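Here the sequence shown stands for residues 800 to 1174, numbered as in the working numbering. Yeah, the Cβ is synthetic: ideal placement off N, Cα and C, and Gly gets one too. Since this is a predicted model, take the numbers as computed values, not measurements.
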Amino acid sequence: MPEIVQIGPFRPQLVEPEKFTLTVENNKIIDADIELGYVHRGIEKLFTTKTYLQNLALAERICGICSGIHTLAYAQTTEGVIDVQVPDRARYLRTIYMEIERLHSHYLWFGVLAHSLHDTEAFLKIMGEREKVQDLLEFLTGNRMNYLINTIGGVRRDLNEKKIQRIRSVLKDMKPLSDHIMTLLDDNGRFTKKTKGVGILRKERALAVGAVGPVLRGSGIKSDARKDDPYAAYGELDWEVITEKDCDVRAKSLVRARETYESMKMINQAIDNLPKGDIVGELGDPLVTESIGRVEAPRGELFYYIKSNGTNIPERVKVRTPSFANDFTIIEMMRGDYLQNARLIIESIDPCFACTDRVTIINAKTGKKRLAKLE
């Protein structure tokens, strides 16, 4: 007889709360449901109370792990409502900084994966080596996280020869870590034994539920905003969109591991071809218009929308994070899999639950629920 198993909203392996209700029979998950809304922070409303420049610091606080890509997405969308020309040097610098951020995000996820698989040796090695990337970010920007490197019209900090040499040195040090992760995922690797065949997300279902990022590419779909809709300097660099065809947790892991090599390649190319010139353009006045922007965050496509009424404060800002899109793939992957794989399946999407949250209003008398809409 089926039984109900509840995971969350609070549990030890993840700091952010989310509630999963699983219907289980004979240790197999036959259905699953997700309940969001435990950490709603009202950020979209706060965007409409601050100036365009002030909102940069707010955008990066949507997610601490990929804070830089949020400021880039916000800045690029704002550049659609404010008359400004982004200098070529700034476009290349944006690419360099964001790919360094992708490295630290992917390595962190592999540390979390090792922890989920109870592989303490791999966890300590990955997290210890990842510190070099965090130290590099601090050296380049002044902070390890929430570094506010992007601004409207460009970037806030330039690279000199000393910083460039430090970047090249760290990238050289990080390649052996990527090589080690690949050995963990090879045919006889320690990670492979526990991730192969787990959390299957077939190509057609990945498309149907709107998967993005490594989750989508792990199902064999060649989709990446950096290639599909190039921004910054991505359209001028030589790199490949990584895909895997097995559709399981191992495939998603391999996508992330192989993407670290592509990130290193892009960073070196961008440095080699770094144009001279300014790092920020001169800002004009806000126009009465609307703008959309999309970027490829480490977790997948990040989407921003801004409506401007011509003042220095946006009238409306809407954010669609990759975790919100990928949340619904968890249900697909859990159905038919074993209960003991639930944690691994949840973490396979690299979840950031706080950035997905929306408000649900519950009628205390009737118990009916409805999503809150901003009129």
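Contact set for residue i: own chain, Cβ-Cβ below 6 Å, skip 5 residues either direction
i       : result
Leu1000 : Ser1018, Cys1046, Thr1128, Glu1131, Met1132
Glu1043 : Gly1017, Ala1050, Leu1053, Val1054
Leu1173 : The pLDDT assigned to Leu1173 is 37, lower than 50, so where the model puts this residue is not dependable; a value taken from the coordinates is nonetheless given after this. None.
Ala874  : Asn949, Ile951
Gln1068 : Leu1036
Glu1114 : Lys1106, Asn1108
Asn854  : Phe846
Ala1031 : Arg890, Arg893, Thr894
Residue i to residue j span [Cα, whole Å]
i       : j       : result
Asp957  : Val969  : 18 Å
Ile868  : Ile899  : 11 Å
Ala1171 : Gly836  : Note on Ala1171: pLDDT 49, under 50, position unreliable in the model; the coordinate value appears next. Their Cα atoms are separated by approximately 11 Å.
Glu815  : Tyr946  : 22 Å
Met981  : Lys1167 : 49 Å
Tyr1033 : Cys1151 : 25 Å
Arg1134 : His839  : 28 Å
His903  : Leu923  : 15 Å
Ser1022 : Asp1028 : 10 Å
Asn1072 : Asn959  : 14 Å
Asp978  : Trp908  : 16 Å
Gly910  : Asp934  : 17 Å
Leu1015 : Ala1007 : 11 Å
Asn942  : His905  : 19 Å
Asn1162 : Ile1144 : 33 Å
Arg901  : Ile861  : 16 Å
Asp986  : Trp1038 : 26 Å
Asp830  : Glu1146 : 18 Å
For residue j and residue i, believed in contact at Cβ under 8 Å, the rounded distance
i       : j       : result
Ile833  : Asp1126 : 6 Å
Ala858  : Val954  : The Cβ separation is near 15 Å, so there is no contact.
Arg1049 : Thr991  : 6 Å
Ser1090 : Ile1105 : 5 Å
Gly879  : Gly1092 : 7 Å
Val1040 : Ala1124 : At roughly 18 Å, the Cβ-Cβ gap does not stay under 8 Å, so Val1040 and Ala1124 are not in contact.
Thr877  : Tyr851  : 5 Å
Tyr891  : Pro1085 : Not quite, the Cβ-Cβ distance comes to about 27 Å (not below 8 Å), so this is no contact.
Same chain, Cβ closer than 8 Å to residue i, five either side skipped, listed in chain order
i       : result
Val883  : Ile951, Gly952, Gly1080, Glu1081, Leu1082, Gly1083
Gln1139 : Asn826
Phe938  : Lys962, Arg965
CB of residue i within 8 Å of CB of residue j, strictly
i       : j       : result
Val1087 : Thr847  : no
Lys931  : Asp972  : yes
Thr894  : Met1063 : no
Ile1070 : Ile963  : yes
Pro808  : Glu802  : no
Met926  : Gly863  : no
Tyr1103 : Ala872  : yes
Ala1005 : Val1094 : no
Glu928  : Leu976  : yes
Cutoff 7 Å; reference residue i; Cβ partners in own chain excluding five residues on either side
i       : result
Ser1052 : Leu912, Leu984, Phe990, Thr994
Pro1121 : Val1011, Gly1012, Ala1096, Arg1098, Gly1099, Glu1100, Leu1101
Val804  : Leu821, Val823, Leu1138
Asp918  : Arg989
Within-8 Å CB hit, residue i to chain D
i      : result
Tyr891 : The structure shown contains no chain D; it holds only a single protein chain.
Range of the contiguous alpha helix (DSSP H) that encloses residue i
i       : result
Lys1106 : From DSSP, Lys1106 is part of no alpha helix (DSSP H) but of the beta strand (DSSP E) over 1099-1108.
Thr820  : Careful: Thr820 lies outside any alpha helix (DSSP H), inside the beta strand (DSSP E) at 818-824.
Ile895  : 887-915
Thr876  : 866-877
Gln1068 : 1048-1071
Val932  : 919-940
Residue range of the unbroken beta strand (DSSP E) whose run includes residue i
i       : result
Ile1091 : 1087-1096
Ala1032 : Per DSSP, Ala1032 belongs to no beta strand (DSSP E) and is neither H nor E.
Arg1115 : 1115-1119
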